[in-house]
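Engineer:
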Ligand code: SF4
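In this note's numbering, the protein residues as written are 9 to 309.
Take a look at the structure:
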């Protein structure tokens, strides 16, 4: 496998260095959205693993303006980020779930910040209307942009069980529209959903590749306190992957990814006092090192 800096996969940092000849950071924003999978438009309750923060535990304060949130995060990260440019990442809940004029306002507010060089927008495949797509197309012509789609699995039965709220065909349709319009997208998948086996998980990764995704985010399933998943886990005690099993699956995915597919993440990010299982996932450095070690060992075989 090719080696990029210290890792055997092509990470977002590698991409940034190639594209912008510099390190680029992300500032995570909360623009006050909710999610159609929570407010009843699609369903109530949300995806069973989703926390109260809408899967964005480390973002800005939603009561503040976008500019204020960017400034605060830059101040907070100042020793790390210094004078460097950042990507404004609309992270919590569904960041295209609103009137297109509101979306235009907040996206451009971020883009007009002198330190912002582009946007990352997290959303659901069933939540990009045609007028929103046109806005994204417009932004994509002038700025650096990517969209993030939470797919998690290609198995519609498991998708139903986790209350994802849309079928695989919806993902296929929107990924085609984004590709046809030259808009980059990153697809999220989860390793460790209840009852999902190794081969099915690998098939999700294969599907993401062939859907034209520019990047992939691989998360370990986190059982977070207070989520519906916590109740299911305490009732059924479903199987949790061990670190070794997780590393084997992720290393296998990384081996068959196209050379320049951008790997945004290979493990989850959870708060120590909120993650019930798997506990090993809290030691992110160890997980990353074990994946790297496994890839190195596989080269020798
Ligand atoms: S779509 Fe995203 S924000 Fe909405 S419930 Fe699922 S994980 Fe949470």
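Quick reminder that beta carbons are idealized off the backbone N, C-alpha and C, glycines included.
Leaving out five residues before and five after residue 237 in sequence, what residues of the same chain have Cβ atoms less than 6 Å from its Cβ?
Structural biologist: 56, 57 and 231
Engineer: Using C-beta distances below 7 Å, list every residue in its chain close to residue 152, excluding the 5 sequence neighbours before and after it, in chain order.
Structural biologist: Hits under 7 Å: 125 and 126.
Engineer: Using a 10 Å radius around the Cβ and a threshold of 16 neighbouring Cβ atoms, would you call residue 107 buried or exposed?
Structural biologist: exposed
Engineer: For my contact list, residue 24 and residue 30 are in at a C-beta cut-off of 8 Å; report their separation, rounded to the angstrom.
Structural biologist: 7 Å
Engineer: For residue 152, which residues does DSSP report across the bridge?
Structural biologist: 126
Engineer: Answer yes or no: do residue 104 and residue 136 have a C-beta to C-beta separation smaller than 8 Å?
Structural biologist: yes
Engineer: Could you give the distance in angstroms between the alpha-carbon of residue 181 and the alpha-carbon of residue 188?
Structural biologist: 11 Å
Engineer: According to the neighbour-count rule (16 or more other Cβ atoms, all chains shown, within 10 Å of its Cβ), is residue 249 buried or exposed?
Structural biologist: Under this definition residue 249 is a buried residue.
Engineer: Please confirm if the segment 93 to 103 is in contact with the segment 31 to 43, defined as three or more CB-CB distances below 8 Å between the two stretches.
Structural biologist: yes
Engineer: For residue 102, is the beta carbon positioned less than 7 Å from some heavy atom of ligand 1?
Structural biologist: Flag set: Cβ of residue 102 near ligand 1.
Engineer: Rounded to the nearest angstrom, how far is the Cβ of residue 94 from that of residue 123, given a contact under 8 Å?
Structural biologist: 6 Å
Engineer: If you draw a straight line from the alpha carbon of residue 308 to that of residue 257, how long is it in whole angstroms?
Structural biologist: 18 Å
Engineer: For residue 292, collect the residues of the same chain with a Cβ closer than 8 Å to its Cβ; drop the 5 residues on either side in sequence, then sort them by chain order.
Structural biologist: 275 and 277.
Engineer: Hey, how far is the Cα of residue 193 from the Cα of residue 216?
Structural biologist: Taking the straight line from one Cα to the other gives about 10 Å.
Engineer: Please determine whether the Cβ atom of residue 45 lies at a distance below 7 Å from any heavy atom of ligand 1.
Structural biologist: yes
Engineer: Using 8 Å as the cut-off, can you tell me whether the segment 201 to 215 makes contact with the segment 166 to 175, which would need three or more C-beta pairs spanning the two stretches below that distance?
Structural biologist: The answer is yes - the segment 166 to 175 touches the segment 201 to 215, with three or more Cβ pairs under 8 Å.
Engineer: Quick one: does the C-beta of residue 200 sit closer than 7 Å to a heavy atom of ligand 1?
Structural biologist: no
Engineer: Pick out whichever of 34, 303, 246 and 117 has its Cα sitting closest to the Cα of residue 72.
Structural biologist: 117
Engineer: Would residue 251 pass as a contact of residue 16 if the rule is Cβ separation under 8 Å?
Structural biologist: no
Engineer: Taking 8 Å as the threshold (C-beta atoms), are residue 196 and residue 253 in contact?
Structural biologist: Contact: no.
Engineer: If you run the structure through DSSP and keep just helix, strand and coil, what is residue 28?
Structural biologist: helix
Engineer: At the level of alpha carbons, what is the spacing between residue 269 and residue 48?
Structural biologist: 35 Å
Engineer: Skipping 5 residues on each side, what residues in its chain have a beta carbon closer than 6 Å to that of residue 255?
Structural biologist: 298, 299 and 302
Engineer: Could you give the residue range of the beta strand (DSSP E) that holds residue 228?
Structural biologist: 223 to 228
Engineer: State the beta-bridge partners of residue 192 as determined by DSSP.
Structural biologist: 154
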